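Beneath this line is the structure, given in structure tokens, with notes to follow.
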Amino acid sequence: MNRREIREQTIVQLKSSGVEIPAHLPLLEADSELSPKNGDDVARKIAALGMVIGMGYGADHAVLIDGIESADLWPYVSPREAERLKNSSLVSDQDRIDFQWLAECVYAFAWCLDIVELNPTCSCPDNLASLTVPGNKPAEFVKNRCLRPMTEILQQADLHYCLHWHERQRRLEGLDGLVGEGVVWERRRALDWVIGVSEDWDNMPADT
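Each position in the sequence shown, counted from 1, maps to that position plus 5 in the working numbering.
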């Protein structure tokens, strides 16, 4: 499926929710510009983020680090996240809020692994943690995970890019959006990471 066909499907889906997007929004990057992840990468990213989210709720850092090391997850922990995991005194109130928001990233990643269905207009389900790393056993969770077809993930990435534009515009106009710019942004950066827009998790592109 080419990028124009993907965008046409996005337009149809968003119109069904009452969302109109401008014709000038750029299409997704070409395949030659992307470095897509595989199922193992995404599963390990989910497991790593589960440990990072724990910092947002005051979990014992030693326990979180043990979880990361048990499944060899350090390559999936960003520099900012690793710095704070290794030194709890660096974790600010804003960090805790940011880490709690990562649940929306996990929701998008879980969709990529076909664990859940992703509703673009609703927040992540309350039982997400039990669906992703049950029993807090990351080494078990990451085994034999496969992605949905990449065409489906590209479609979802395009939809969330366009929805991010819409939610940002609504905020700038002082109006309510469908689900909120923060929710859409976290999912967008997760989907962009999967399709390989950037490797820099701490600084994923947020342009619309």
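Backbone N, C-alpha and C define an ideal beta-carbon position, used for all residues, glycine too. From a predicted model like this one, the values you see are computed outputs, not experimental measurements.
Going by the beta-carbon positions, is the gap between R175 and G185 smaller than 7 Å?
Mapped onto the sequence shown, residue 175 falls at position 170. Mapped onto the sequence shown, residue 185 falls at position 180. Taking 7 Å as the Cβ cut-off, R175 and G185 do not qualify as a contacting pair.
Less than 7 Å between the C-beta atoms of G55 and L152, yes or no?
Position 50 of the sequence shown, counted from the first residue, corresponds to residue 55. Position 147 of the sequence shown, counted from the first residue, corresponds to residue 152. For G55 and L152, no; Cβs fall outside 7 Å.
For E178, count the other beta carbons within 10 Å of its own beta carbon; 16 or more makes it buried, fewer makes it exposed. Which is it?
As a working mapping, residue 178 is identified with position 173 in the sequence shown. By the neighbour-count rule (16 or more Cβ atoms within 10 Å), E178 is not buried but exposed.
Determine whether the beta carbon atoms of A48 and A113 lie at a separation below 7 Å.
Here residue 48 is taken as the residue at index 43 of the sequence shown, counted from 1. Here residue 113 is taken as the residue at index 108 of the sequence shown, counted from 1. Taking 7 Å as the Cβ cut-off, A48 and A113 do not qualify as a contacting pair.
For M60 and V96, which I take to be in contact (beta-carbon distance under 8 Å), what is that distance rounded to the nearest angstrom?
On the sequence shown, residue 60 is found 55 positions in, with the first residue counted as 1. On the sequence shown, residue 96 is found 91 positions in, with the first residue counted as 1. In this structure M60 touches V96 by the C-beta definition: roughly 6 Å separates them, less than 8 Å.
Does the beta-carbon distance from A52 to V147 come in below 7 Å?
As a position in the sequence shown, residue 52 is number 47, starting the count at 1. As a position in the sequence shown, residue 147 is number 142, starting the count at 1. In contact: A52 and V147 (Cβ atoms closer than 7 Å).
Helix, strand or coil: which one does DSSP assign to A52?
One-based indexing of the sequence shown puts residue 52 at position 47. If DSSP states are grouped into helix, strand and coil, A52 belongs with the helices.
Pair within 7 Å by beta-carbon distance, S39 and G201
The sequence position of residue 39 within the sequence shown is 34, counting from 1. The sequence position of residue 201 within the sequence shown is 196, counting from 1. A quick correction: the sequence has Leu, not Ser, at residue 39. Result yes, Cβ atoms of L39 and G201 sit closer than 7 Å.
Taking the alpha helix (DSSP H) that H29 belongs to, which residues open and close that run?
The count along the sequence shown starts at 1 and reaches residue 29 at position 24. Here H29 belongs to no alpha helix (DSSP H), and DSSP marks it neither H nor E.
Comparing alpha-carbon positions, which option in M6, E204, R150, G23 lies nearest T137?
As a first step, residue 137 is located in the sequence shown; it is residue number 132 there, counting from the start. Here the closest residue by C-alpha is R150.
Cα-Cα separation, E204 to W198:
By 1-based counting over the sequence shown, the position of residue 204 is 199. By 1-based counting over the sequence shown, the position of residue 198 is 193. Between E204 and W198, the C-alpha separation is close to 7 Å.
Span separating the alpha-carbon of A134 from that of E10:
Numbered from its first residue, the sequence shown carries residue 134 at position 129. Numbered from its first residue, the sequence shown carries residue 10 at position 5. Near 34 Å, if we compare the C-alpha coordinates of E10 and A134.
I'd like the ranges of any beta strand (DSSP E) spanning at least 3 consecutive residues and lying wholly in the region 63–95.
DSSP assignment within the region 63–95 yields no whole beta strand (DSSP E) run of 3 residues or more.
Taking the continuous alpha helix (DSSP H) assigned at A162, which residues delimit it?
The residue given as residue 162 occupies position 157 in the sequence shown. For A162, the enclosing alpha helix (DSSP H) covers residues 155–177.
Using only the alpha-carbon positions, how far apart do D212 and I73 sit?
Residue mapping note: residue 212 aligns to position 207 of the sequence shown, counting from 1. Residue mapping note: residue 73 aligns to position 68 of the sequence shown, counting from 1. Answer to the nearest angstrom: the Cα atoms are 31 Å apart.
Taking Cβ positions, are C129 and A162 nearer each other than 7 Å?
Your numbering for residue 129 matches position 124 in the sequence shown. Your numbering for residue 162 matches position 157 in the sequence shown. Not closer than 7 Å, so no.
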